[in-house]
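Student: In the numbering used here, the protein residues as written are 79 to 283.
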Amino acid sequence: MNETFKPDEPAVEILEREQCFRGFYRLDRLHLRHRQFAGGMGPTISRELFVRHDAVCVLPYDPQRDCVVLIEQFRVGAMAKTDNPWLLELVAGLIDKDEEPEEVAHREAQEEADLELTSLWPITRYFPSPGGSDEQVHLYLARCDSQGAGGIHGLAEEGEDIRVHVWALEDALQAVKDGRINNAASIIALQWLALNRAEVRGLWV
């Protein structure tokens, strides 16, 4: 924080907040000023903010077999920028009111992959796109038994059509290197597991 500011001075002043759209998600427009590194408050700026629930992303890992469980589903955001908008991803879901992230992890693993998680290992929390969205992601590694995992899952009432894959961890890491796995949560979780595999297996095997 800039040391030229007094403790009682605000870091950000929100002058006006407009609600531009409200549906499953929400879009607000904020008019605000914030502290500047050179000192003093900056000029009024206008920023659109994509308002959405925080998310939980989970990488199911079978430490006995050294395998991960990934899901594949259509993603509209990738449609115009890749030849294949069916992405390989983590189990994931949004946090509803009065729900803890750990509850979401277990619920989504059942709905999206028909998996029972036996342990959760918090990896990190991060903002995937803080320049325009307030979403925060809670990222976990989860212990599971991958034997028999697979098939098509998801909730029909939510339009989900999800295919489950079991991959050797080395194959998943190669897919990150090749660019076949190209979404942030999956890349972060798989690279974290690669760095911490020995410790995880030492505790979970």
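By construction, the Cβ of each residue, glycine as well, lies at the ideal position given by its N, Cα and C atoms.
Given Q114, which residues of its chain have a CB within under 6 Å of its CB, disregarding the five upstream and five downstream residues?
Tutor: G120
Student: To the nearest angstrom, how far is the alpha carbon of M79 from that of P88?
Tutor: Only weak support exists for where M79 lies, its pLDDT of 48 falling under 50; the value from the coordinates is given anyway. Pairing M79 with P88, the inter-Cα distance amounts to about 11 Å.
Student: Can you say whether L148 is buried or exposed, counting buried as having 16 or more other CB atoms within 10 angstroms of its CB?
Tutor: buried
Student: How close, in whole Å, do the beta carbons of C222 and D140 come, if the pair is a contact with beta carbons under 8 Å?
Tutor: 6 Å between Cβ atoms; contact.
Student: When you compare only the Cα positions, how much space is there between G210 and S124?
Tutor: 11 Å
Student: If you count every other CB in all the chains shown that lies within 10 Å of the CB of G171, and 16 or more means buried, which is it?
Tutor: buried
Student: Measure from the alpha carbon of A234 to the alpha carbon of each residue in Q214, E189, D256, then state which is nearest.
Tutor: E189
Student: Measure the alpha-carbon distance for R185 versus P179 and round it to whole angstroms.
Tutor: The alpha-carbon atoms of R185 and P179 are separated by roughly 10 Å.
Student: Can you tell which of A246, A262, D192 has the C-alpha that lies nearest to the C-alpha of H216?
Tutor: A262
Student: Restricting to runs no shorter than 3 residues, where is the beta strand (DSSP E) found entirely within the stretch 195-258?
Tutor: Here the runs fully enclosed are 197-204, 215-221, 229-231, 240-246.
Student: Three-state secondary structure (DSSP) at I173?
Tutor: coil
Student: Would you mind giving the Cβ-Cβ distance between H112 and V90, rounded to the nearest angstrom? I have them listed as a contact below 8 Å.
Tutor: Separation of the CB atoms of H112 and V90 is rounded to 5 Å, and the pair is thereby assigned contact status at 8 Å.
Student: Rounded to the nearest angstrom, how far is the Cβ of D201 from that of L219, given a contact under 8 Å?
Tutor: Note that residue 201 corresponds to Ile in the displayed sequence, not to Asp. With 8 Å as the limit, I201 and L219 qualify as a contact, their Cβ atoms being about 6 Å apart.
Student: Quick check on E277: buried or exposed, where buried means 16 or more other Cβ atoms within 10 Å of its Cβ?
Tutor: exposed
Student: Alpha carbon to alpha carbon, what distance is there between L93 and K255?
Tutor: 45 Å
Student: Roughly how far, in whole angstroms, is the beta-carbon of V268 from the beta-carbon of A250, given that I think they are within contact range, below 8 Å?
Tutor: Reading the sequence as shown, one finds Leu at residue 268 and not Val. 6 Å between Cβ atoms; contact.
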